[in-house]
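In the working numbering, the protein residues as written are 31 to 90. Some notes on the structure that comes next.
The structure is reproduced here in structure tokens:
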């Protein structure tokens with residue numbers, strides 16, 4: 031991949047996405063990785079948000 035296309039992709043990603051990170055204890059990280067199974071980390075986070083929103087809308 032050339033420098034130009036790498037730079038274009040970097041600019042696109044910086045306009046389109048935000049990064050989010052967290053420092054987790056090893057045991058918490060391992061538990062999350064176990065729970066997410068075959069899902070990507072982004073898909074897993076989206077699924078967690080969906081579940082959380084559904085629970086809060088249901089008044090739980």
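Each residue gets a CB set at the ideal place from its N, CA and C atoms; glycine is no exception.
Would DSSP call residue i helix, strand or coil?
i: residue 68; result: coil
i: residue 51; result: coil
i: residue 32; result: coil
Could you tell me whether the Cβ atoms of residue i and residue j are closer together than 7 Å?
i: residue 61; j: residue 74; result: no
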